[in-house]
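Protein chains in written order, with my numbering: chain A, 1 to 115; chain B, 1 to 114.
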């Protein structure tokens, strides 16, 4: 089974801090994704990556950046955390490449609170 | 653009009741369709999928049929259990320009009471 591991289940940070959320997958997947999930808004895509050092903006990239230096790891960075970034963050991966219509596999999420 | 619409929740049922969660989509071509489930405090898990018209996906007693003519992918289960209480997401993978991205519905919360 695919395993997507997010480094923290719960995280509390202060306004203005630089915050790193880490995600690791163990199935050699090419695609990786970061979402945030808020009540009533469903899942919203922040950034995704289809290869090492490659990234593309999703629907709500403002205030976030990402890093993918190794294939298995995809980091989400909040450059200067603000209270409106309090949310559940979900990482996902999928096979990518020439394989069409592959499902995404999700981690358990990080519940981030910015005080 | 492509989109997914799910029935609003919460849906509240008694144990052993029949479940239907409606999902309709707008897309060009022939997208693949998925249902995901999210149990409290966890991430999303793939429940079932269908990749072409008239395909039926099934898993853990849940079923959904890809209906091209009605652009629907409704989730059904004949007899729900308390352990089925969760949030259910319908999603599609666009037919063209495959980037691996999925488009999700808003999610439907299911509460099953004993």
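Built from N, CA and C at the ideal position, the CB exists for glycine as well. Quick caveat, the model's predicted, so the values are computed rather than measured.
Taking C-alpha positions only, residue 84 of chain A is separated from residue 41 of chain A by approximately 14 Å. At least one C-beta of chain B is nearer than 8 Å to the C-beta of residue 94 of chain A.
In the assembly as shown, residue 40 of chain B is an exposed residue. Its beta-carbon has fewer than 16 other beta-carbons within 10 Å. Spatial neighbours of residue 52 of chain A in its own chain (CB-CB distance under 8 Å, excluding positions within 5 residues in sequence) are listed in chain order as 68, 69, 70, 71. Assignment of residue 83 of chain B by DSSP, reduced to helix, strand and coil, places it in the helix class.
Residue-level contact by beta carbon holds for residue 45 of chain A and chain B, with a gap shorter than 8 Å.
For a Cβ distance threshold of 7 Å, nothing in chain B lies close to residue 84 of chain A: the least Cβ distance comes to about 20 Å. Distance from the CA atom of residue 10 of chain B to the CA atom of residue 49 of chain A, rounded to whole angstroms, is 34 Å. Two segments are said to touch when three or more pairs of C-beta atoms, one from each, lie closer than 8 Å; by this definition the stretch 82-101 of chain B touches the stretch 27-35 of chain B. Residue 77 of chain B places its beta carbon less than 8 Å from that of residue 62 of chain B.
Between residue 10 of chain A and residue 92 of chain A, the beta carbon gap of about 19 Å keeps them out of contact (Cβ cut-off 8 Å).
Considering only beta carbons, the part of the stretch 86-111 of chain B lying closer than 8 Å to chain A consists of 89, 93, 98, 99, 100, 101, 102, 104, 105, 106, 107, in chain order. A distance below 6 Å between beta-carbons, with the five flanking residues on each side excluded, links residue 12 of chain B to the following residues of its chain, in chain order: 111. Neighbours of residue 50 of chain A in chain B, taken as residues whose beta carbon is under 9 Å from its own, are 99, 100 in chain order.
Taking 7 Å as the upper bound on Cβ-Cβ separation, chain B lies near residues 31 of the stretch 8-32 of chain A. The alpha-carbon separation between residue 99 of chain B and residue 114 of chain B amounts to approximately 43 Å. In the three-state reduction of the DSSP assignment, residue 85 of chain A falls in the helix class.
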